[in-house]
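So the protein lines, in turn, are chains A and L.
Position 49 of the first sequence, counted from 1, bears residue number 183 in my numbering, the numbering being contiguous throughout.
Position 125 of the second sequence, counted from 1, bears residue number 145 in my numbering, the numbering being contiguous throughout.
Glycine included, each C-beta is placed from N, C-alpha and C at the ideal position.
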Amino acid sequence: MASTAKTLYEKIWNAHVVERRDDGTCLIWIDRHLVHEVTSPQAFEALRVAGRKVRRPDLTLAVPDHNLPTTARRDSAGLRIPIADPESAQQLAALERNAPEFGIRLIGDADAEQGIVHVVGPEQGFSLPGATIVCGDSHTACHGGLGALAFGIGTSEVEHVLATQTLLLKQSKTMEVRVEGDLGPGVTAKDVVLYICGVLGASGGTGYVIEYTGSAIRGLSVEGRLTVSNMAIEHGARAGLIAPDDKTIAYVEGRPYAPKGADWDKAVAWWRSLATDAGARYDRVVIIDAADIQPTVTWGTSPEDTGAIGGVVPDPASFADPSKQEAAQKSLAYMGLTAGQKLSEVEVQNVFIGSCTNSRIEDMRAAAAVVKGRQKAANVRWAIVVPGSGLVKAQAEAEGLDKIFIAAGIEWREPGCSACLAMNPDKVPAGERCASTSNRNFVGRQGPGARTHLVSPAMAAAAAVTGKLTDVRELIG
Amino acid sequence: MTPIRHVAGTAIPFGRKNVDTDVIIPAHWLKTITRTGLGRGAFETIRAEPGNIFDDPAYTGAQILIAGDNFGCGSSREHAAWALLDMGITCVLAPSFSDIFSGNAFKNGILTVCLPQDAIDRLMEVAKDHPIDIDLETQTVTTPFQDRFTFDIDPFRKACLLDGLDEVGLTLARDAAIRKHEAKISADLPFLAQAG
Numbered sequence: 135m136a137s138t139a140k141t142l143y144e145k146i147w148n149a150h151v152v153e154r155r156d157d158g159t160c161l162i163w164i165d166r167h168l169v170h171e172v173t174s175p176q177a178f179e180a181l182r183v184a185g186r187k188v189r190r191p192d193l194t195l196a197v198p199d200h201n202l203p204t205t206a207r208r209d210s211a212g213l214r215i216p217i218a219d220p221e222s223a224q225q226l227a228a229l230e231r232n233a234p235e236f237g238i239r240l241i242g243d244a245d246a247e248q249g250i251v252h253v254v255g256p257e258q259g260f261s262l263p264g265a266t267i268v269c270g271d272s273h274t275a276c277h278g279g280l281g282a283l284a285f286g287i288g289t290s291e292v293e294h295v296l297a298t299q300t301l302l303l304k305q306s307k308t309m310e311v312r313v314e315g316d317l318g319p320g321v322t323a324k325d326v327v328l329y330i331c332g333v334l335g336a337s338g339g340t341g342y343v344i345e346y347t348g349s350a351i352r353g354l355s356v357e358g359r360l361t362v363s364n365m366a367i368e369h370g371a372r373a374g375l376i377a378p379d380d381k382t383i384a385y386v387e388g389r390p391y392a393p394k395g396a397d398w399d400k401a402v403a404w405w406r407s408l409a410t411d412a413g414a415r416y417d418r419v420v421i422i423d424a425a426d427i428q429p430t431v432t433w434g435t436s437p438e439d440t441g442a443i444g445g446v447v448p449d450p451a452s453f454a455d456p457s458k459q460e461a462a463q464k465s466l467a468y469m470g471l472t473a474g475q476k477l478s479e480v481e482v483q484n485v486f487i488g489s490c491t492n493s494r495i496e497d498m499r500a501a502a503a504v505v506k507g508r509q510k511a512a513n514v515r516w517a518i519v520v521p522g523s524g525l526v527k528a529q530a531e532a533e534g535l536d537k538i539f540i541a542a543g544i545e546w547r548e549p550g551c552s553a554c555l556a557m558n559p560d561k562v563p564a565g566e567r568c569a570s571t572s573n574r575n576f577v578g579r580q581g582p583g584a585r586t587h588l589v590s591p592a593m594a595a596a597a598a599v600t601g602k603l604t605d606v607r608e609l610i611g
Numbered sequence: 021m022t023p024i025r026h027v028a029g030t031a032i033p034f035g036r037k038n039v040d041t042d043v044i045i046p047a048h049w050l051k052t053i054t055r056t057g058l059g060r061g062a063f064e065t066i067r068a069e070p071g072n073i074f075d076d077p078a079y080t081g082a083q084i085l086i087a088g089d090n091f092g093c094g095s096s097r098e099h100a101a102w103a104l105l106d107m108g109i110t111c112v113l114a115p116s117f118s119d120i121f122s123g124n125a126f127k128n129g130i131l132t133v134c135l136p137q138d139a140i141d142r143l144m145e146v147a148k149d150h151p152i153d154i155d156l157e158t159q160t161v162t163t164p165f166q167d168r169f170t171f172d173i174d175p176f177r178k179a180c181l182l183d184g185l186d187e188v189g190l191t192l193a194r195d196a197a198i199r200k201h202e203a204k205i206s207a208d209l210p211f212l213a214q215a216g
């Protein structure tokens, strides 16, 4: 007899099925749609050509983030400083035109609430536990840290959601990644998810929605959970999920778009019912001992190329799979590393602290705690901190964190996606290394020829002050 | 979406294997704000080669592209489908396609036809000087030399392509079901039914 026990994923999925077709495809209702400037212009254009409207503009929120420079956006007279790249300027202008034309709320480039869509959604209470959330961006998985079913979509799907507030989807398989035990000192949510990327591989989660469980995950703050779920896509899973609990509910309460009054009470009751039932089955279970996780860095050009900071660059011949051997060889050539080299001796010329993975207030605090009383190393040419939103920036400034970075010789910037994908002017020069708190170390991701090492904010701060990849535990004693 | 029932005429005998979407449309074209106009960037690196097949006057105005195995692999950019459509291609024949590309092509009204390698080889030969004929209704590809190849296609996709129905149009036709669900969410989960 089939069990009636359900996983968190199945409960959210079932609550959103509009119709089920004979071939198993379901029409799924979408609760929240985030829109940014890069993947939306053609969707709006298609609506315009077909004479279609946005079905639920009230469930849609537009925020520019990818192309915006992280330098000042207004001059002293309050006038907009022109964006140098005409194509970036054009994409941003299109969003500013399309949002009001279709009745969609826009958080503009100079608004205090502007930031990276995946930081703004949770921060505004727009993203909620149990909701289906989409955005034309693969890191939409981030919102799963709240217990929302959130995933990235293509431009035609953006158009489909704008027009119908639904998507045609097939149900995914389920995977539980259980991290049990206590995280050691200096080991953060980012180290946890980098470690998971190493265990599962870049495509190990393909076809699955992953639920992260276990005492180490429950022990994380909501911001840390957003960091973990953000990188679900880096192990191939379309979405990550973490069950909402008291921390989640406390995080959401009182935010601008969060439910109020009787709706709030109803919401809390429903959120508490979403956790996976005892006896529910996952299609795959992976168990990780938290004690095995060290401060982690990447050495290659895939997020699966991870290692503990105390380790060495691996020998490509050590991999069993011949195609992985070849890929590792290519990675090492691109990264300018040799097998056996100590990871803690790799010098960096650039440090980037930011991105939808690590730009929330706790990330700013963790980095500042390491930097405080220290100076940027002489060989570090460029180090920037890019807060995830204007509100994160204001909070950090109220706590004096900006002054700690600036005193150390580290730049304090305006919010946006920045050097994570270098669509704006923030790029890492060819052949140089960057200790980066972002999510992808792909070839050319931070600029043509740039060499990316993914790390936590504390580890990036440690690299900034020592000039090399460094075990942050040596600095925090 | 423009209905597609029957495509006949000149076909570009391209034939290259593992053509990724970076080859179909290079990354620097992604800052555009329209689906149209990308034809200028289509196969840009190949077009930089003198005597390339895409600029050969013999194939001007072709609506059909004959490609090699694993066409459209790599990046998920929908711009690849938009670029083909903008250069006038409405049907691509190949031994196989990447899943993402064939989905993106379908969503944009491009017919992708999978045929065995020997059939593709034969069509490559014919297309050098003669037209090719593709009939979606009967799922056949024919030539002036009595060649006749049949192909498989998902019935849902076939119906959409024949009637020019896009997924958005089809889903809009399910309005009653969507309204019903919307009402249910408003009643059961009012905190999700509205934002703020």
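**Prompt:** Does any CB atom of chain L fall closer than 8 angstroms to the CB of Tyr-385 (chain A)?
**Reply:** Chain L, which has no Cβ nearer than 8 angstroms to the Cβ of Tyr-385 (chain A), makes this no.
**Stretch-stretch touch, CB-based, cutoff 8 angstroms, three pairs: the region 330-343 of chain A with the region 351-358 of chain A** = The region 330-343 of chain A is not in contact with the region 351-358 of chain A.
**Request:** Starting from Ile-152 (chain L), trace the beta strand (DSSP E) both ways and give me its first and last residue.
**Result:** That run of the beta strand (DSSP E) goes 152-155.
**Buried versus exposed call for Leu-213 (chain A) [16 or more other C-beta atoms within 10 Å across all chains shown]** = So Leu-213 (chain A) ends up on the exposed side.
**Message:** Taking the alpha carbon of Asp-40 (chain L) as the reference point, which residue from L:Asn-90, L:Thr-132, L:Arg-55 and L:Asp-174 has its own alpha carbon closest?
**Reply:** Cα-wise, what sits closest to Asp-40 (chain L) is L:Asn-90.
**Request:** Return the residue from the list A:Arg-166, A:Asp-157, A:Asn-513 and A:Ala-297 that minimises the CA-CA distance to Tyr-391 (chain A).
**Result:** When each option's Cα is compared against that of Tyr-391 (chain A), the closest is A:Arg-166.
**Asked** The alpha helix (DSSP H) spanning Pro-18 (chain L) covers which residue range?
**Response** Given a span of 21 to 216 for chain L in the structure shown, any question on residue 18 (chain L) remains unanswerable.
**His-217 (chain A), buried or exposed, once every other Cβ within 10 Å from all chains shown has been counted against 16** = According to the sequence provided, residue 217 (chain A) is Ile. The question's His does not apply to it. Label assigned to Ile-217 (chain A): buried.
**Cβ neighbours of Asp-75 (chain L) in the same chain (closer than 7 angstroms, five flanking residues each side left out)** = Close CB contacts of Asp-75 (chain L) within its chain, under the 7 angstroms cut and outside five residues either way in sequence, are with Arg-67 (chain order).
**Request:** List the residues of chain A whose Cβ lies closer than 8 angstroms to the Cβ of Glu-98 (chain L), in chain order.
**Result:** Glu-98 (chain L) reaches chain A at Gln-176, Gly-288, Thr-289 and Ser-290, counting residues in chain order whose Cβ is nearer than 8 angstroms.
**Message:** I'd like to know whether the C-beta of Glu-293 (chain A) is nearer than 8 angstroms to at least one C-beta of chain L.
**Reply:** The Cβ of Glu-293 (chain A) sits closer than 8 angstroms to at least one Cβ of chain L.
**Asked** Below 8 angstroms, can you find three or more Cβ-Cβ pairs linking the region 496-510 of chain A to the region 528-544 of chain A?
**Response** Three or more beta-carbon pairs separated by less than 8 angstroms link the region 496-510 of chain A to the region 528-544 of chain A, which places the two stretches in contact.
**Request:** Note down the Cα distance separating Ala-613 (chain A) from Glu-171 (chain A), rounded to an integer number of angstroms.
**Result:** Here chain A covers residues 135 to 611 and nothing more, so residue 613 (chain A) does not appear.
**Message:** Here's the rule: buried if 16 or more other CB atoms are within 10 angstroms of the residue's CB, otherwise exposed. What is Phe-178 (chain A)?
**Reply:** Looking at its Cβ environment, which holds 16 or more other Cβ atoms inside 10 Å, Phe-178 (chain A) is buried.
**Message:** Does Met-309 (chain A) come out as helix, strand or coil in the three-state DSSP assignment?
**Reply:** The three-state reading of DSSP puts Met-309 (chain A) in strand, counting E and B together.
**Item:** Inter-residue spacing [alpha-carbon to alpha-carbon] between Ala-82 (chain L) and Leu-131 (chain L)
**Value:** Each residue's alpha carbon lies about 14 angstroms from the other.
**For Ile-205 (chain L), the nearest candidate out of A:Ala-297, A:Gly-270 and A:Ala-265 (CA to CA)** = In terms of Cα proximity to Ile-205 (chain L), the closest of A:Ala-297, A:Gly-270 and A:Ala-265 is A:Ala-265.
**Ile-45 (chain L) at chain A interface by Cβ criterion, 8 angstroms** = Look at Ile-45 (chain L): its C-beta is not under 8 angstroms from any C-beta on chain A.
**Request:** Confirm, please, whether the CB-CB distance from Ala-373 (chain A) to Val-343 (chain A) is below 8 angstroms.
**Result:** Yes, they are a contact pair.
**Prompt:** Buried or exposed: where does Ser-210 (chain A) fall if 16 or more other Cβ atoms within 10 Å of its Cβ makes it buried?
**Reply:** When all chains shown are included, Ser-210 (chain A) counts as exposed.
**Message:** I'd like to know if Pro-390 (chain A) contacts chain L, where contact means its C-beta is closer than 8 angstroms to some C-beta of that chain.
**Reply:** Answer yes: the Cβ-Cβ gap between Pro-390 (chain A) and chain L drops below 8 angstroms somewhere.
**Prompt:** Considering only C-alpha positions, which residue in the set A:Asp-605, A:Ile-250, A:Arg-585 and A:Ala-282 is nearest to Asp-271 (chain A)?
**Reply:** Residue A:Ile-250 is the option with its Cα nearest to Asp-271 (chain A).
**Asked** Which term fits Gln-225 (chain A), buried or exposed, when burial requires 16 or more other beta carbons within 10 angstroms of its beta carbon?
**Response** Only buried fits Gln-225 (chain A), as 16 or more other CB atoms lie within 10 angstroms of its CB.
**Message:** Let me check understanding here. Comparing Cα to Cα, which of A:Met-557, A:Glu-566 and A:Glu-496 lies closest to Glu-533 (chain A)?
**Reply:** Ranking the options by Cα distance to Glu-533 (chain A), first place goes to A:Glu-496.
**Message:** Nearest by alpha-carbon distance to Met-144 (chain L): which of L:Phe-63, L:Gly-216, L:Ile-73 and L:Met-21 is it?
**Reply:** The candidate whose alpha carbon is nearest that of Met-144 (chain L) is L:Ile-73.
**Message:** Is the separation between the beta-carbon of Gly-445 (chain A) and that of Thr-571 (chain A) shorter than 8 angstroms?
**Reply:** One thing to note: Gly-445 (chain A) has its Cβ no nearer than 8 angstroms to the Cβ of Thr-571 (chain A).
**Message:** Just to confirm my understanding: we take Ile-538 (chain A), look at its own chain, exclude 5 residues before and 5 after, and list those with CB closer than 8 angstroms. What are they?
**Reply:** The answer, listed in chain order, is Ala-502, Val-505 and Lys-506.
**Item:** C-beta neighbour in chain A for Thr-287 (chain L), strict 8 angstroms
**Value:** This structure cannot settle anything about residue 287 (chain L), because the visible part of chain L is limited to 21 through 216.
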